[in-house]
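**Q** Provided herewith is a single structure, encoded as structure tokens, for subsequent inquiry.
Protein chains: 4
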Amino acid sequence: MDFSLSPELRELQGRTRRFIAEQVIPMERDPRQSAHGPSEELRRELVQRARAAGLLTPHASRDMGGLGLTHIEKAVVFEEAGYSWLGPTAMNIHAPDEGNIHLMEEVATHAQKERWLRPQVEGKTRSCFAMTEPSPGAGADPSMLATTATRDGDDYLINGVKWFITGAEGADYVIIMARMEDGSATMFLSDMDRPEIVLERSMDAMDSCFTGGHGVLRFTNLRVPASDVLGEVGKGFRYAQVRLAPARLTHCMRWLGQARRAHETALEYTRKRQAFGKPLAEHEGVGFMLADNDMDLHTARLNIWHTAWLLDQGEKGNYESSRAKVICSEAEWRVVDRSVQMLGGQGVTGETPVMRIFSDMRAFRIYDGPSEVHRWSMARKLVHMAEKAHAAAEASA
Amino acid sequence: MDFSLSPELRELQGRTRRFIAEQVIPMERDPRQSAHGPSEELRRELVQRARAAGLLTPHASRDMGGLGLTHIEKAVVFEEAGYSWLGPTAMNIHAPDEGNIHLMEEVATHAQKERWLRPQVEGKTRSCFAMTEPSPGAGADPSMLATTATRDGDDYLINGVKWFITGAEGADYVIIMARMEDGSATMFLSDMDRPEIVLERSMDAMDSCFTGGHGVLRFTNLRVPASDVLGEVGKGFRYAQVRLAPARLTHCMRWLGQARRAHETALEYTRKRQAFGKPLAEHEGVGFMLADNDMDLHTARLNIWHTAWLLDQGEKGNYESSRAKVICSEAEWRVVDRSVQMLGGQGVTGETPVMRIFSDMRAFRIYDGPSEVHRWSMARKLVHMAEKAHAAAEASA
Amino acid sequence: MDFSLSPELRELQGRTRRFIAEQVIPMERDPRQSAHGPSEELRRELVQRARAAGLLTPHASRDMGGLGLTHIEKAVVFEEAGYSWLGPTAMNIHAPDEGNIHLMEEVATHAQKERWLRPQVEGKTRSCFAMTEPSPGAGADPSMLATTATRDGDDYLINGVKWFITGAEGADYVIIMARMEDGSATMFLSDMDRPEIVLERSMDAMDSCFTGGHGVLRFTNLRVPASDVLGEVGKGFRYAQVRLAPARLTHCMRWLGQARRAHETALEYTRKRQAFGKPLAEHEGVGFMLADNDMDLHTARLNIWHTAWLLDQGEKGNYESSRAKVICSEAEWRVVDRSVQMLGGQGVTGETPVMRIFSDMRAFRIYDGPSEVHRWSMARKLVHMAEKAHAAAEASA
Amino acid sequence: MDFSLSPELRELQGRTRRFIAEQVIPMERDPRQSAHGPSEELRRELVQRARAAGLLTPHASRDMGGLGLTHIEKAVVFEEAGYSWLGPTAMNIHAPDEGNIHLMEEVATHAQKERWLRPQVEGKTRSCFAMTEPSPGAGADPSMLATTATRDGDDYLINGVKWFITGAEGADYVIIMARMEDGSATMFLSDMDRPEIVLERSMDAMDSCFTGGHGVLRFTNLRVPASDVLGEVGKGFRYAQVRLAPARLTHCMRWLGQARRAHETALEYTRKRQAFGKPLAEHEGVGFMLADNDMDLHTARLNIWHTAWLLDQGEKGNYESSRAKVICSEAEWRVVDRSVQMLGGQGVTGETPVMRIFSDMRAFRIYDGPSEVHRWSMARKLVHMAEKAHAAAEASA
């Protein structure tokens, strides 16, 4: 058992922390941000800064130009990056690109990587991931997938509507999940500048930290050659899992940084602001919230580290990443909600970054599986494991 | 003990409900709304509709042109009005005007009423209430009041900065709380179109339901004649209580309407949306949230009714309105948070009104006294009452 | 709307409060109590005191010798009785007798009433209610009823095992729920001193406030004549509802008294005990718990009153009594848990009555339907009502 | 970062698990247990079994005859021991002996160790720790220490009353905390069989897992020679910290075992018990509780491991052990409360071990500092660290 970080990792952590403090936070009030996220121009400027600092796309393999970070290393670095809502954009580790890069590294062909992945790792392009659909299609229940891919000669024709597609506006390529005639699912790659792909609208969302916002995409007879299938035909659901377990965890990491920012902002404020004869922080009611914040932050971090370590050991970690996702999304949310409360009027206005963090983070308890879906899948696994253990005990008796 | 509503009140409830459904909700997507609230033009159009429906400023006295509602009647009618975020604006019962109208009725002179109150009750003008100040001034602790009023002949000169002043932009008159040289506080009335009053900026806030947003006001040697003192000199803190107890309660009422809206939106959605083979609402995890919502809504309503009844009996109800404020602000918030969760992606985007309600309501746990300040004052009162009871028991022994 | 109590009810409330304080609480340390409850001898002595005070079996009809209390009157009186764990025993309003008396009044024949009910109302006898069964029989799901009643001439033969039968040891008669050959259920009355009824054991339970504890009963070819059927054959489930809705509510009332006792004990202690330079109650962390207790007590009381009023209007109140049961059992539990915490070492030892209350009350979140079963039935009802409203709106459109 | 256990530790874990399952759990229904704990005879029999299994007093140094476990090793082994409430008694790692052994190893002289510690490590004797006092003495606030030690020649005379003294009845020696004339505190060692030490009574407590229960001790002119001072005069508060930080953590470890037992009992039950057409565990409402239990157990374990690792690095860990104590005591309590709820009637009766665990564990949120005291000391530390960081940043700027 060892909870220490290597000197190299501590150096990288410190470097990332300074980069965020000195190069990214000063950009947070940059006007090139709208309710739908930072502009592409702002994104490119931030990426340029990360490149100069040697911190661009650090999770990509060294072959592709990244730093080849392990999961534990990502845990440490992504938390630091998340301290500013612009940090993940700068370092090219924001959703959905971070997860897409991971998936492409795992599954794409050499040609696909050269065409789509390499420029993305270089921060030149962006991607989106088209899985979620409006009712009655695939939402929390992926088996309801309604978008279809039908074989047409050597090609596939894709038809359907997707929504909540993060980063859709301005994305260069898209990974599309579609249902085959046999009921299985396949992932397809496509450039976005195709007339058969229409961005019907960008949705108004509570968050505004994702470049490209959240869009509604319509695919009408989009023709995709067999060479642009991502991985094998029919393995879409399996790849979704390959993408999802680590992607869930990197959400936990980045939002941990945001939650820590909220907490530290509240701590600074309550140390200084007087009420009823003493600093707010010296009121037990406020002090208890500070203590609860620290407990939640620490708990989230330990869960991330443990799950990251498991993934580094080669475990799939489906159960553990579900668990970490529920624990972190709820703990980090409590931290931000308490921070708003401690800040009072400052917490619900643009006077501090916390209002923004509050709005940006609420969806985290919903995406990548709402807490309820994860709790349910965890329960089934617990029962299943108990049944197996029971059967094994009976067999050996 | 009787929980029934009179036939007249049920009629008024039904009429308000229909007015909101037919005249107000269709305006919710009107573009004349910004991040700082509905425009004055939109407000006037809504007021015109309420006037036509006989529902304008119903809490004002009949003398002034209102319906002279009791507190219980307000409880029923304001909940209905609150069902749409534009409802209180339409019916002229939004904060801070609703509380200001109440305070003016209680304290203002005949001349003051004719000059400022009557046009306000008619929906022609708006007001604001300037009490809260930036650090180190008056926040949750009103005793830290830093804005000063100094005697100058028959007049007073007011100097200071106020912030979080709801409705400031475009308000016609303002009630200013200022500290006297002897440490007491006084309320002053002033028109807003005075060069000595500067709206320094409108603050970016999480909510966007208040016409005029939240502003920062600077008073520089604002000269107020003695005839524009509201009530008596030195009684500012007492009047703040007169205003606050019922004002807190009307917040509870209006937000109850919003919370019910969120719940009913989630109920409709989960009844219809399928996942994992059945409607969402038939999943226990979702059903439990629906049940919890109903329990919280019911609890909030009972607390409002009970406190309103007490006020109708002539009780001051300071303790009880504190209690109702904490119970309602927290119960209603839980309802809205659960509704977001049940709605999933729909809850965190503009697809339903719930995202808007979520953002609008968060500040309710903070303004008119954060939960923590109310809990603390309740605790002191409980101890004080126990001490009195103990002393009385000893005396009679 | 009226929250006031009539002068007569206030007098009865005061009289009950004094009776409990002066006649019952001094008996709490009486040694004639075991882990399985007060002894029959102690019960009779307490009953004698209540009889002398004119407070015995007050919910029974005046015909039967009670005070014929309405539900609202019960709400007020039972809360006072519950202030001591011996109070309900003294006043003959403890479970299960209180509910059995109600059911007998509603359903029993004149002969049955004279034989079983009248002596019970007079406090001379006790009863039990045999519904719950060990796995795989009827628990939270009554449809799993396994005990059978088979016709044999003019009689019925009852066979089966029941457990968690409160008050079984020493009960004079029993109401037995059994399954008929057609799948319906019937209630049967029987004296307990029959060789075909065996009390297999008394269960060790966390609570110790019920005379007769909780027993396991075995019925072996128990012969019951048709004249001892309670109500009509086949209507057992319906009568269970008749019994249950008000019985649930009287639990809420009695436990409210216990929760208030715990709170007041903690309030007294924290007012006096010093730590870190001031009384405990002047620490915000403790004061917040006092305030939360008061909010929970008040919320529980309002929910009880509202539901009692509904029942007094002739409503069945199934939904509302479910709701009140969940709200009260959880709110009252929180009060007691917080009181333990405020009392520290005193809370987990016999130095105060609170340890006892804590152990006695835990089961309340489970019996008469665990919170989970109530939440689920509430959810189904909410969905059902929404569907009906929707259909009605469609029909009228 | 490494979360793996060494092969040796895994072997020891497995051996302890088997010992508890095979040698200890079968003793749980042994009648030699009362409301005040296991009898001395039962304790000796259990100790004999642990000795035979090579698992007696494993945390003591090898010199003294233990296994010299590190904190991390204790974390793993003590969790296994805690799986049965008799496990810690058997392995001689129960409170307060476990903490006393640790303190004696750190502070006692060679002669003191040979006299008191060695037989205790061998399981032949027991000890108690006399710090807590009745009001107005030392409770959560140790500075209120009222027991005095006055110099009398070469000896000290100790006078005072202590309560909640775990293990007092039958203990062989006692460590007494007393106030010196200069306001400092000193620890004294004394045999218990002295006429100047009177066990006034054993307290009735919610728990019943500690041999010797909880007693009230009166010291009247107890004469203690200077050679029986534990450590240095005047360092009592410092030694209390030496004892407390690890002692808090071992409580977390042992109760984690109990919480896991409760969870696994509920899991077994809900896997098998049917209701409403399927096993309880397949109801989402129950499944969510299982998932929440696993999250709480995992969180508690990670916090224990992390803090134990820190202590193994030589850190004092005062802050971290406070944090772990709050997190674990609350998380483990939630697990047990949920397990009771899932078990229904089985959870509140002696049908399963869970009722017992529930009653035994409640005090853990109170002793070794109630959650409220820890939250407050954590808050002060967070503020203090922020102030130091701020000052350092200013200094370097």
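Chains as they are written, first to last, in UniProt numbering: chain A, 1 to 397; chain B, 1 to 397; chain C, 1 to 397; chain D, 1 to 397.
Built from N, CA and C at the ideal position, the CB exists for glycine as well.
1) Ends of the beta strand (DSSP E) at B/E276?
2) Give the DSSP bridge partners of B/P225, in chain order.
3) When you check each C-beta in the segment 267-285 of chain C against every C-beta of chain A, which residues fall closer than 8 Å?
4) List the residues of chain B whose Cβ lies closer than 7 Å to the Cβ of D/F288, in chain order.
5) Are the C-beta atoms of A/A370 and some chain B residue less than 9 Å apart?
6) Here's the rule: buried if 16 or more other CB atoms are within 10 angstroms of the residue's CB, otherwise exposed. What is C/E80?
7) Where does D/G153 land, buried or exposed, given buried means 16+ other C-beta within 10 angstroms?
8) Between D/H214 and chain C, is there a C-beta pair that is closer than 9 Å?
9) Taking the beta strand (DSSP E) that B/S135 falls in, what are its first and last residues?
10) Identify, in the order they occur along the chain, each residue of the same chain with its Cβ nearer than 7 Å to the Cβ of B/L42, setting aside the five sequence neighbours on each side.
11) Apart from the five residues just before and just after A/R365, which ones in its own chain have a Cβ nearer than 8 Å to its Cβ?
12) Could you give the residue range of the alpha helix (DSSP H) that holds D/L56?
13) Relative to the alpha-carbon of A/R51, which residue among A/S184, A/I20, A/S135, A/S377 has its alpha-carbon at the smallest distance?
14) Does the beta-carbon of D/H263 have 16 or more other beta-carbons within 10 angstroms, so that it is buried, or is it exposed?
15) With DSSP collapsed to three states, give me the class of B/H298.
16) For D/M289, which residues of its own chain have a beta-carbon under 6 Å away from its beta-carbon, when the five flanking residues on both sides are left out?
17) Going by C-alpha distance, which of A/F78, A/F3, A/H71, A/M64 is nearest A/Q13?
18) For A/P38, which beta-bridge partners are listed by DSSP?
19) Helix, strand or coil: how does DSSP classify B/M187 here?
20) Quick check on the DSSP output: the alpha helix (DSSP H) that includes B/Y319 runs from which residue to which?
21) Is the Cβ of B/R201 closer than 9 Å to any Cβ of chain C?
22) In the structure shown, what three-state DSSP assignment does A/F164 receive?
23) C/I197 versus chain D: which residues are under 9 Å apart at the beta carbon?
24) Just mark D/P7 as buried or exposed, buried being the case when its beta carbon has 16 or more other beta carbons within 10 Å.
25) Using the three-state DSSP reduction, which class does B/H71 fall into: helix, strand or coil?
26) Mind listing which residues of the segment 337-355 of chain D have their C-beta closer than 8 Å to chain C's C-betas, in chain order?
27) For a cutoff of 9 Å on Cβ pairs, would you count B/M206 as touching chain A?
28) Determine the closest residue to A/S359 out of A/E320, A/M206, A/G350, with distance taken between C-alpha atoms.
29) Could you tell me whether any Cβ in chain E is nearer than 9 Å to the Cβ of C/P58?
30) Quick one: does B/F164 have its CB under 9 Å from some CB of chain C?
31) Residues in its own chain within less than 6 Å of A/V233 by CB, not counting five upstream and five downstream?
32) Tell me which same chain residues have a C-beta within less than 7 Å of the C-beta of B/Q346, skipping the five on either side of it?
33) Quick check on C/E200: does DSSP put it in helix, strand or coil?
34) Using DSSP with H/G/I as helix, E/B as strand and the rest coil, what is A/L117?
35) Report back the beta-carbon spacing between D/R323 and A/D294 to the nearest angstrom; my notes put them in contact at under 8 Å.
36) Rank A/R49, A/A35, A/R10 by C-alpha distance to the C-alpha of A/P26 and give the top, closest one.
**A** Taking the coordinates as given:
1) Numbered from 1 along the second sequence, position 276 holds the residue referred to as residue 276 of chain B. Looking at the sequence itself, residue 276 of chain B is Phe, so the reference to Glu does not match. Taken as a continuous stretch (DSSP letters only), B/F276 belongs to no beta strand (DSSP E), as it is neither H nor E.
2) The sequence position of residue 225 of chain B within the second sequence is 225, counting from 1. Beta-bridge pairing links B/P225 to B/D155.
3) H283, E284, G285
4) Position 288 of the fourth sequence, counted from the first residue, corresponds to residue 288 of chain D. G285, listed in chain order.
5) Position 370 of the first sequence, counted from the first residue, corresponds to residue 370 of chain A. First, the residue type needs correcting, since residue 370 of chain A is Pro and not Ala in the sequence shown. Yes, A/P370 counts as interfacial toward chain B.
6) Counted from its first residue, the third sequence places residue 80 of chain C at position 80. The residue in question, C/E80, is buried, as its Cβ has 16 or more Cβ neighbours within 10 Å.
7) As a position in the fourth sequence, residue 153 of chain D is number 153, starting the count at 1. The residue in question, D/G153, is exposed, as its Cβ has fewer than 16 Cβ neighbours within 10 Å.
8) In the fourth sequence, the residue the question calls residue 214 of chain D occupies position 214. Answer yes: the Cβ-Cβ gap between D/H214 and chain C drops below 9 Å somewhere.
9) For the purposes of this step, residue 135 of chain B is identified with residue 135 of the second sequence, where counting begins at 1. First-last for B/S135: undefined, no H or E at that position.
10) Here residue 42 of chain B is taken as the residue at index 42 of the second sequence, counted from 1. Cβ neighbours of B/L42 beyond the five flanking positions: D30, R32, Q33.
11) Here residue 365 of chain A corresponds to residue number 365 of the first sequence, with the count starting at 1. Here the set comprises S329, E330, W333, S371.
12) Translated into the one-based positions of the fourth sequence, residue 56 of chain D becomes position 56. Here D/L56 belongs to no alpha helix (DSSP H), and DSSP marks it neither H nor E.
13) Counted from its first residue, the first sequence places residue 51 of chain A at position 51. Of the candidates A/S184, A/I20, A/S135, A/S377, the one whose C-alpha sits nearest the C-alpha of A/R51 is A/I20.
14) Here the question's residue 263 of chain D lines up with position 263 in the fourth sequence. Counting Cβ neighbours within 10 Å, D/H263 comes out buried, since at least 16 surround it.
15) For the purposes of this step, residue 298 of chain B is taken as the residue at position 298 of the second sequence. Looking at B/H298 - three-state DSSP - the assignment turns out to be helix.
16) As a working mapping, residue 289 of chain D is identified with position 289 in the fourth sequence. Closer than 6 Å at the Cβ level, and outside the excluded window around D/M289, lie R338, M342.
17) Counting from 1 along the first sequence, the entry for residue 13 of chain A is found at position 13. Out of A/F78, A/F3, A/H71, A/M64, A/F78 has the C-alpha closest to the C-alpha of A/Q13.
18) Along the first sequence, one-based indexing puts residue 38 of chain A at 38. Looking at the DSSP assignment, A/P38 forms a beta bridge with A/Q33.
19) Here residue 187 of chain B is taken as the residue at index 187 of the second sequence, counted from 1. DSSP places B/M187 in strand when its eight states are reduced to three.
20) One-based indexing of the second sequence puts residue 319 of chain B at position 319. Counting along the chain, the alpha helix (DSSP H) containing B/Y319 begins and ends at 318-343.
21) Here residue 201 of chain B is taken as the residue at index 201 of the second sequence, counted from 1. No - not a single Cβ of chain C is within 9 Å of the one on B/R201.
22) Counted from its first residue, the first sequence places residue 164 of chain A at position 164. Strand at A/F164.
23) The sequence position of residue 197 of chain C within the third sequence is 197, counting from 1. What C/I197 touches in chain D: nothing, since even the nearest Cβ is about 20 Å away.
24) Looking up residue 7 of chain D in the fourth sequence gives position 7. The residue in question, D/P7, is exposed, as its Cβ has fewer than 16 Cβ neighbours within 10 Å.
25) Along the second sequence, one-based indexing puts residue 71 of chain B at 71. Note: B/H71 maps to helix in three-state DSSP.
26) V340, Q341, G344, G345, G347, V348, T349, G350, E351, M355
27) Translated into the one-based positions of the second sequence, residue 206 of chain B becomes position 206. With 9 Å as the cut-off, B/M206 counts as an interface residue toward chain A.
28) In the first sequence, the residue the question calls residue 359 of chain A occupies position 359. Looking at the Cα atoms, A/M206 is the closest of the given residues.
29) You won't find chain E in this structure, because its protein chains are A, B, C and D.
30) Along the second sequence, one-based indexing puts residue 164 of chain B at 164. With 9 Å as the cut-off, B/F164 does not count as an interface residue toward chain C.
31) By 1-based counting over the first sequence, the position of residue 233 of chain A is 233. T186.
32) Position 346 of the second sequence, counted from the first residue, corresponds to residue 346 of chain B. Taken in chain order, the residues that qualify are Y269, T352.
33) Residue 200 of chain C sits at position 200 when you count from the first residue of the third sequence. Strand.
34) For the purposes of this step, residue 117 of chain A is taken as residue 117 along the first sequence, with counting starting at 1. It is helical.
35) As a working note, residue 323 of chain D is residue 323 in the fourth sequence. As a working note, residue 294 of chain A is residue 294 in the first sequence. About 7 Å separates the two Cβ atoms, so the contact holds.
36) Counting from one through the first sequence, the residue named residue 26 of chain A turns up at place 26. Of the listed residues, the one whose Cα sits closest to A/P26 is A/R49.
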